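The structure appears below as structure tokens.
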Amino acid sequence: MYKEEISQTNDSFERYKERISNLTGEFELGLFIYIARRSFWVVLSLFALALLTSFLYLRYAQPKFESSTVVQIQNTNTAVKIFKVAGDDGGGELAQTLEQLRSKIFFKRALSTLPLEISYFAEGTFKNNEHYNNTPYRIEVKVKEKLIKGTKIYIDFVNPKIAEISFDYAGKKYKEKCIVDAWKSHSLFDIKVSIQDASQIQSLRKKQDIKKNDYYFVINDLDVLAAEYFPNLEVKILNQDAKTVKITYKDNDPKKASDVVTAMSQEFITFDVEKKSESSKSIINFIDEQLKFVYESLKSSEVLIQDFLKENDVNTNEDVYSVNLGRYNQLEDQIITLEIEERVLENIEKKIKKQDKIDTYTLLSMLAGSEFESSSITTQINALQEVIIKKEELFYDLTTNAESIKSIEYQIETKKRFLLESINSFKEKVKSKKEELNSKASEFQNKFTKAPEKEIEYARLQRLFSINEKYYTLLLEKKTEYSISKAGFVSNYLVLDKAFVPKSPVSPSKRTTLSLALSTAAFLSLLIILFGYVSHDKINSLTEITKQTNASISVLGIVPKYHKEIPVSQLLIDKNPKSLIAEAFRSIRSNLQFIANSPEAKIVAVTSTISGEGKTFVAINLAGIIAFSGKKVIVIDLDMRKPKIHKGFQAENFRGMSTILIGKDTVENCVQHSALPNLDYITAGPIPPNPSELIISKQMDETLERLKSLYDVVIIDNPPVGLVTDGISIIQRADFPIYIFRADYSKRNFIQNVDRLYNENGIKRLSVILNGVDVNRKTYGYNYGYGYGYGYGYGYGYGYYEEGRPHKAKNTGSALKNFFSKDKKKGSGNKGYLG
Numbered sequence: 003m004y005k006e007e008i009s010q011t012n013d014s015f016e017r018y019k020e021r022i023s024n025l026t027g028e029f030e031l032g033l034f035i036y037i038a039r040r041s042f043w044v045v046l047s048l049f050a051l052a053l054l055t056s057f058l059y060l061r062y063a064q065p066k067f068e069s070s071t072v073v074q075i076q077n078t079n080t081a082v083k084i085f086k087v088a089g090d091d092g093g094g095e096l097a098q099t100l101e102q103l104r105s106k107i108f109f110k111r112a113l114s115t116l117p118l119e120i121s122y123f124a125e126g127t128f129k130n131n132e133h134y135n136n137t138p139y140r141i142e143v144k145v146k147e148k149l150i151k152g153t154k155i156y157i158d159f160v161n162p163k164i165a166e167i168s169f170d171y172a173g174k175k176y177k178e179k180c181i182v183d184a185w186k187s188h189s190l191f192d193i194k195v196s197i198q199d200a201s202q203i204q205s206l207r208k209k210q211d212i213k214k215n216d217y218y219f220v221i222n223d224l225d226v227l228a229a230e231y232f233p234n235l236e237v238k239i240l241n242q243d244a245k246t247v248k249i250t251y252k253d254n255d256p257k258k259a260s261d262v263v264t265a266m267s268q269e270f271i272t273f274d275v276e277k278k279s280e281s282s283k284s285i286i287n288f289i290d291e292q293l294k295f296v297y298e299s300l301k302s303s304e305v306l307i308q309d310f311l312k313e314n315d316v317n318t319n320e321d322v323y324s325v326n327l328g329r330y331n332q333l334e335d336q337i338i339t340l341e342i343e344e345r346v347l348e349n350i351e352k353k354i355k356k357q358d359k360i361d362t363y364t365l366l367s368m369l370a371g372s373e374f375e376s377s378s379i380t381t382q383i384n385a386l387q388e389v390i391i392k393k394e395e396l397f398y399d400l401t402t403n404a405e406s407i408k409s410i411e412y413q414i415e416t417k418k419r420f421l422l423e424s425i426n427s428f429k430e431k432v433k434s435k436k437e438e439l440n441s442k443a444s445e446f447q448n449k450f451t452k453a454p455e456k457e458i459e460y461a462r463l464q465r466l467f468s469i470n471e472k473y474y475t476l477l478l479e480k481k482t483e484y485s486i487s488k489a490g491f492v493s494n495y496l497v498l499d500k501a502f503v504p505k506s507p508v509s510p511s512k513r514t515t516l517s518l519a520l521s522t523a524a525f526l527s528l529l530i531i532l533f534g535y536v537s538h539d540k541i542n543s544l545t546e547i548t549k550q551t552n553a554s555i556s557v558l559g560i561v562p563k564y565h566k567e568i569p570v571s572q573l574l575i576d577k578n579p580k581s582l583i584a585e586a587f588r589s590i591r592s593n594l595q596f597i598a599n600s601p602e603a604k605i606v607a608v609t610s611t612i613s614g615e616g617k618t619f620v621a622i623n624l625a626g627i628i629a630f631s632g633k634k635v636i637v638i639d640l641d642m643r644k645p646k647i648h649k650g651f652q653a654e655n656f657r658g659m660s661t662i663l664i665g666k667d668t669v670e671n672c673v674q675h676s677a678l679p680n681l682d683y684i685t686a687g688p689i690p691p692n693p694s695e696l697i698i699s700k701q702m703d704e705t706l707e708r709l710k711s712l713y714d715v716v717i718i719d720n721p722p723v724g725l726v727t728d729g730i731s732i733i734q735r736a737d738f739p740i741y742i743f744r745a746d747y748s749k750r751n752f753i754q755n756v757d758r759l760y761n762e763n764g765i766k767r768l769s770v771i772l773n774g775v776d777v778n779r780k781t782y783g784y785n786y787g788y789g790y791g792y793g794y795g796y797g798y799g800y801g802y803y804e805e806g807r808p809h810k811a812k813n814t815g816s817a818l819k820n821f822f823s824k825d826k827k828k829g830s831g832n833k834g835y836l837g
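Position 15 of the sequence shown, counted from 1, bears residue number 17 in the working numbering, the numbering being contiguous throughout.
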């Protein structure tokens with residue numbers, strides 16, 4: 003027997019822990035909908051704010067216009083194909099093209115072709131509008147102080163002949179008058195103002211009468227402008243197989259967007275031709291220098307031969323020396339070629355050592371046509387060129403002392419050192435080969451020692467003249483070839499789709515802006531509702547109570563929320579007996595008989611978790627509704643720390659339960675009669691220092707027994723058990739222990755107190771009333787489904803009236819009417835019967 007009791011206690015405790023752990027573990031759709039409805043105005047405000055923000059953004063945001071062009075890569079250098087001279091191979095790699103177009107250096111070059119030296123603006127209240135190529139006046143300026151660039155210079159036309167400029171610079175204010183179409187000298191710049199459209203100037207002056215300094219211009223720094231505009235540029239591969247590249251640019255001005263894209267495509271074509279012809283141009287310049295030198299040598303050799311023939315009688319028959327002379331001449335040609343190559347290497351070495359800024363294109367042109375054109379020297383110069391370009395691009399964003407700049411400079415110096423070492427290595431090879439050829443030439447020269455001295459000298463002069471003549475002819479042929487090659491260069495790029503001036507902006511987009519604003523408002527609304535749901539800890543329906551207690555606690559019903567001001571007496575059922583509240587208390591009265599229906603007098607103990615949940619209100623009105631049925635009822639106030647019964651009946655509190663329990667007064671002396679028949683009450687009396695001891699005293703038991711002998715029902719207004727434990731003993735001995743919760747006020751964890759009283763204190767007859775329920779709600783389980791056997795579904799209607807307002811009846815109303823009327827007919831039965 004003892005083991006069975008322990009087992010039952012353990013099972014009860016486990017179920018108790020399970021209910022507590024699952025208190026907030028499930029998603030409640032009804033609660034979510036209720037919180038969403040309660041947050042209606044907040045959500046509406048968010049959407050209104052989102053729409054207002056969208057409107058202001060669309061109204062005052064700077065529009066962005068987009069223009070684009072498509073460029074295709076081709077290979078069309080006819081001269082290279084015909085003459086097979088050194089030059090661009092027409093490969094035009096797509097990746098290299100893409101990087102060149104994305105280069106800040108090239109973008110700056112394209113911008114330099116546009117009229118962007120001066121930017122013209124109209125200043126508004128919320129935004130400034132740029133007038134690109136659409137301004138009635140023009141500014142020409144010669145800058146003396148570079149720091150003036152980027153400063154706003156306001157202009158005001160006093161009359162068609164006089165313009166006034168004003169600006170702030172270095173903490174000083176400047177104001178100058180300028181004569182139109184005449185240069186004005188200033189310490190910072192020289193300026194000239196010209197009028198393009200006199201009629202627009204008149205309109206501009208009228209606007210400036212309303213708001214001064216409405217128009218201004220800015221002298222641009224091309225580097226700063228390129229850095230500012232560069233993020234708006236987009237270059238991407240359109241079709242890999244077709245080798246097409248799309249250039250796109252966005253700007254606040256549609257014409258400027260179109261002009262920038264057009265300048266990018268046209269300038270890239272020009273740049274491509276220049277880059278290809280630069281090698282030929284450098285080679286032609288080099289050939290011209292060599293031609294001058296060889297021509298002088300050739301002329302000098304010819305004069306020497308003529309003078310020698312005049313002074314000496316020399317046999318010019320070449321048959322004697324023809325074989326040896328031919329071989330000797332070949333060796334001399336090779337030696338001269340090596341000397342030229344050696345001279346090229348020395349010139350390249352000097353340029354690398356002396357010049358701070360290396361011109362890699364000149365170095366490459368010097369190698370053209372030589373043995374080193376396809377050697378590692380060319381590869382190293384190309385690598386050096388890439389690093390130098392990368393350094394120039396970094397200067398757009400970084401200063402000279404930046405770590406990235408220092409790193410790239412170190413790479414340049416390293417590549418220069420490797421290049422010089424390679425050149426020295428090639429020079430050693432050339433020197434070694436030249437010594438070998440000189441040795442062989444000396445052998446052939448010894449064969450001429452037996453010849454007469456005059457013939458030998460003549461042969462030597464003739465040989466020098468022949469060498470110079472051949473070299474001169476070779477240079478002339480090369481110059482002709484490279485000249486034709488230069489003329490034959492055309493760009494590898496073809497514009498397939500020209501840029502047009504866009505008609506409408508791409509941003510801000512009304513659809514995108516509105517979608518984003520509404521999505522943001524919806525997201526924030528959902529967050530607010532979710533936060534409200536997660537943080538919600540209030541009881542709103544009997545469904546929550548029965549669910550959290552697994553329906554183990556009896557539910558007597560609900561008390562609807564009173565939408566008017568509650569009178570001081572707090573007794574409402576006598577004001578309008580047919581009101582919704584009166585019917586609610588009748589239902590509670592009827593449901594009490596299911597708990598205990600024996601004929602003896604009954605004790606009803608009413609308590610709650612904290613003050614303010616309406617236990618006094620429920621106690622008084624429940625007593626009143628029972629008194630209506632003909633039963634003798636008394637209400638006693640045991641909440642001696644915070645008594646309220648005397649306030650409800652507007653009575654004095656000089657004596658009461660505290661004086662009874664200490665033996666100072668008798669029950670008969672403390673009983674007071676209300677205006678309602680059969681309803682009496684005893685106030686709490688003066689606040690004692692030891693209410694807990696008084697409540698659990700023997701005098702308390704005797705008092706209750708005395709009251710039970712005098713009345714049918716004793717209703718006790720207990721202290722809140724969530725704050726103090728004074729009333730637990732009374733609840734334990736009560737026939738009808740009632741626990742009060744208040745909708746939208748009592749917290750969900752208060753249900754744990756009910757579980758504690760039920761499981762730990764063994765109060766098995768404990769029942770629950772939910773007070774202050776708003777029965778007008780249509781969602782979240784409201785009309786509350788007050789099922790679980792306690793059926794009371796107060797909605798609108800059922801043939802009853804709330805505070806004198808008629809409501810439409812529903813079909814279920816007649817059944818409830820019959821139930822209540824049947825209940826009233828039984829009203830004056832035996833003692834102790836509550837219904």
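From the three backbone atoms N, C-alpha and C, an ideal C-beta is built for every residue, glycine too. Quantities reported herein were computed from a predicted structural model and do not represent experimental measurements.
Within its chain, find whatever has a CB closer than 6 Å to the CB of residue i; leave out the 5 residues flanking it on each side and keep chain order.
i	result
residue 442	333
residue 344	432
residue 83	Note that residue 83 scores a pLDDT of 41, beneath 50, so its modelled location is shaky and nothing firm can be said.
residue 66	252, 507, 508, 509
Using 8 Å for Cβ pairs, my map puts residue i next to residue j. What's the rounded Cβ distance?
i	j	result
residue 684	residue 672	5 Å
residue 217	residue 124	6 Å
residue 387	residue 420	Between residue 420 and residue 387 the Cβ distance is about 14 Å, and since that is not below 8 Å, they are no contact.
residue 610	residue 617	4 Å
residue 561	residue 628	Not quite, the Cβ-Cβ distance comes to about 15 Å (not below 8 Å), so this is no contact.
residue 696	residue 739	With 8 Å as the limit, residue 696 and residue 739 do not qualify as a contact, their Cβ atoms being about 20 Å apart.
residue 531	residue 47	Rounded, the Cβ-Cβ distance is 14 Å, inconsistent with contact.
residue 770	residue 558	7 Å
Whole angstroms are fine: how far does the CA of residue j sit from the CA of residue i?
i	j	result
residue 308	residue 299	14 Å
residue 776	residue 761	31 Å
residue 746	residue 708	39 Å
residue 114	residue 415	31 Å
residue 504	residue 234	15 Å
residue 539	residue 521	29 Å
residue 254	residue 379	48 Å
residue 145	residue 226	16 Å
residue 712	residue 34	51 Å
residue 296	residue 472	10 Å
residue 292	residue 306	21 Å
residue 630	residue 732	25 Å
Just curious, the alpha helix (DSSP H) that residue i is in, first and last residue?
i	result
residue 235	That residue, residue 235, is in no alpha helix (DSSP H); its beta strand (DSSP E) goes 235–241.
residue 56	42–62
residue 775	That residue, residue 775, is in no alpha helix (DSSP H); its beta strand (DSSP E) goes 769–775.
residue 561	Segment 556–562 is the beta strand (DSSP E) holding residue 561; no alpha helix (DSSP H) there.
Using a Cβ-Cβ cut-off of 7 Å (strictly less than) and excluding sequence neighbours within five positions of residue i, which residues of its own chain qualify?
i	result
residue 150	171, 190, 191, 221
residue 389	410, 413, 414, 417
residue 725	612
residue 435	340
residue 200	162
Can you check DSSP and say which residues form a bridge with residue i?
i	result
residue 675	682
residue 496	74
residue 185	194
residue 132	123
residue 252	68
residue 139	197
Looking at the secondary structure, which residues open and close the beta strand (DSSP E) in which residue i lies?
i	result
residue 688	It is not in any beta strand (DSSP E) - residue 688 carries neither H nor E in the DSSP assignment.
residue 761	From DSSP, residue 761 is part of no beta strand (DSSP E) but of the alpha helix (DSSP H) over 753–761.
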